[in-house]
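Asks: UniProt numbering applies: residue 176 is where the sequence shown begins, and numbers increase by one.
Positions of the beta carbon are idealized from the N, C-alpha and C atoms, including for glycine.
Values in this document were obtained by computation on a predicted structure and should not be read as measured data.
Quick one: this structure, given as structure tokens, is what I'll be asking you about.
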Amino acid sequence: LREIQYEKDLAGKKVLITAGPTQESIDPVRYITNHSTGKMGYALATVCMRRGADVTLVTGPTETKKPEFVNILTVTTAREMFEAVTAHAPEQDIIIKAAAVADYRPKYVSDEKVKKKDGALSIEMERTDDILQYLGEHKREDQYLCGFSMETEHMLENSRKKLKKKHLDMVVANNLKVEGAGFGGNTNVVTMITDDEEISLEKMTKEETAVHIVDRILKEQKKKQT
Ligand code: CTP
Ligand code: CA
176 LREIQYEKDL AGKKVLITAG PTQESIDPVR YITNHSTGKM GYALATVCMR RGADVTLVTG
236 PTETKKPEFV NILTVTTARE MFEAVTAHAP EQDIIIKAAA VADYRPKYVS DEKVKKKDGA
296 LSIEMERTDD ILQYLGEHKR EDQYLCGFSM ETEHMLENSR KKLKKKHLDM VVANNLKVEG
356 AGFGGNTNVV TMITDDEEIS LEKMTKEETA VHIVDRILKE QKKKQT
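Dropping the structure here:
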């Protein structure tokens with residue numbers, strides 16, 4: 176990545192990126208989470224920073240090395256991510272939601288460690304806020320909103336539904352069934368979906384994927400403004 180000489184085509188733009196998983200507590204020692212490492216979001220933050228943007232990165236807990244020269248806000252739960260994102264969203268030119276936000280959290284968090292008993296255990300769960308849905312509903316006309324979509328089946332159809340329902344400008348769809356795509360690794364295989372186009376990228380590093388996504392967003396944003 177270091178060898179690439181970036182054009183500062185994001186100079187003067189404010190970009191908010193979310194990355195990583197959230198953790199939802201069950202009791203003081205246990206939580207529910209997912210396999211997100213934040214790598215895709217961190218790559219996007221790095222690329223946007225190098226292209227001159229003023230980047231805010233809202234990240235869930237991960238071991239991945241944090242990007243430099245980026246304003247980093249660390250959060251743990253979906254609720255905290257919602258608060259951090261909505262506090263900074265209004266002034267952003269571009270928002271990219273790469274985080275894997277928990278859809279549900281335990282309805283009651285036990286103050287004490289839950290002791291095991293004979294038989295099965297059920298944990299009642301409640302829905303978290305859909306941050307991206309909220310952003311779509313409160314979006315400025317000139318703001319560009321890009322979501323991610325994780326699917327194991329009917330990827331294009333389901334991702335298009337998210338594009339519409341959440342009022343997004345673009346969805347970057349990940350097919351978790353394809354080798355070299357999705358959580359953890361350093362590569363990804365994605366399809367960039369807008370109202371009138373579907374562009375599928377080959378398997379490439381997450382940094383290269385980020386460059387393509389940012390290129391596409393800039394092109395689309397220019398198209399919107401004219
Ligand atoms: N998202 C969000 N807040 C949530 C859940 C998801 O902002 N509570 C965002 C993710 O950051 C991602 C997009 O919504 O950009 C799509 O996430 P995904 O999990 O693929 O889809 P969902 O809408 O949550 O639907 P489902 O998990 O049922 O496929
Ligand atoms: Ca989800």
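Whole-angstrom Cβ separation of Gly187 and Ser211, contact assumed at under 8 Å?
Replies: Contact check for Gly187 and Ser211: beta-carbon distance about 30 Å, past the 8 Å limit, so the pair fails to qualify.
Asks: Could you name the residues that DSSP lists as bridge partners for Ala218?
Replies: According to DSSP, Ala218 bridges with nothing at all.
Asks: What separation, rounded to the nearest whole angstrom, lies between the Cα atoms of Lys314 and Asp202?
Replies: 36 Å
Asks: Would you kindly report the start and end of the unbroken beta strand (DSSP E) that includes Phe323?
Replies: Tyr319 to Glu326
Asks: Closer than 6 Å by C-beta to Ile207: which residues in its own chain qualify, once you throw out the five before and the five after it? Chain order, please.
Replies: Contacts found: Glu199.
Asks: When we look at the beta-carbon of Phe244 and count the other beta-carbons within 10 Å, is it buried (16 or more) or exposed?
Replies: exposed
Asks: CA-CA distance, Lys341 and Asp293?
Replies: Approximately 43 Å, taken between the alpha carbons.
Asks: Following a CB-centred definition, is Val347 positioned closer than 8 Å to any heavy atom of ligand 2?
Replies: Set against 8 Å, the gap from the CB of Val347 to the closest heavy atom of ligand 2 is not smaller.
Asks: With a floor of 4 residues, list each alpha helix (DSSP H) that falls wholly inside the stretch 338-399, ordered by position along the chain.
Replies: none
Asks: For my contact list, Leu331 and Thr384 are in at a C-beta cut-off of 8 Å; report their separation, rounded to the angstrom.
Replies: With a Cβ gap of about 18 Å, Leu331 and Thr384 do not count as contacting.
Asks: Please list the terminal residues of the continuous beta strand (DSSP E) segment that includes Val230.
Replies: Asp229 to Thr234
Asks: Applying the criterion that 16 or more other CB atoms from any shown protein chain within 10 Å of the CB defines a buried residue, is Pro242 buried or exposed?
Replies: With 16 or more other Cβ atoms within 10 Å, it is buried.
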